[in-house]
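Residue numbers (the working numbering): 348 to 445.
Structure follows, in structure tokens:
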């Protein structure tokens, strides 16, 4: 759903995964980060740049608690961090910062 830009649907599907992930686990942080990133992309589409920017910060906080040397749920932290960077660039462009 994320790659197809169905951000609301992505959020809904991942919420069920998040609820089952063990508290305090890297998997839970990764899923929460992905949920917030999907939400940031949705906010960007809705022209709510400030909300998107705030959510990007939340994503990075979740990713900071994940080990960077292994895949979590099939994703590398650095790859998701790159998606955050791309989202932040889009936020800057939407705000006229670029």
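For every residue, glycine included, the Cβ atom is placed at its ideal position computed from N, Cα and C.
Tell me whether residue i is buried or exposed, calling it buried when 16 or more other Cβ atoms sit within 10 Å of its Cβ.
i, result
"residue 376", "buried"
"residue 445", "Reliability fails at residue 445, whose pLDDT of 48 lies under 50, so the model's placement of it is uncertain and the value that follows must be treated cautiously. Burial call: exposed."
"residue 415", "exposed"
"residue 435", "buried"
"residue 420", "exposed"
"residue 399", "buried"
Leaving aside the five residues before and after residue i along the sequence, list all residues of the same chain whose C-beta is less than 8 Å from its C-beta, in chain order.
i, result
"residue 361", "378, 381, 382 and 385"
"residue 354", "348, 385, 386, 388, 389 and 392"
Am I right that residue i and residue j are in contact with their C-beta atoms under 8 Å? What's the rounded C-beta distance?
i, j, result
"residue 390", "residue 402", "6 Å"
Say whether chain C places a C-beta atom closer than 7 Å to the C-beta of residue i.
i, result
"residue 396", "Of the protein chains in this structure there is only one, and it is not chain C."
Whole alpha helix (DSSP H) runs in the stretch 407 to 443 with 4 or more residues, listed along the chain? If we require 4 residues or more, the alpha helix (DSSP H) runs fully inside the stretch 407 to 443 come out as 424 to 442.
Whole alpha helix (DSSP H) runs in the stretch 363 to 401 with 4 or more residues, listed along the chain? List check, alpha helix (DSSP H) in window: 373 to 392.
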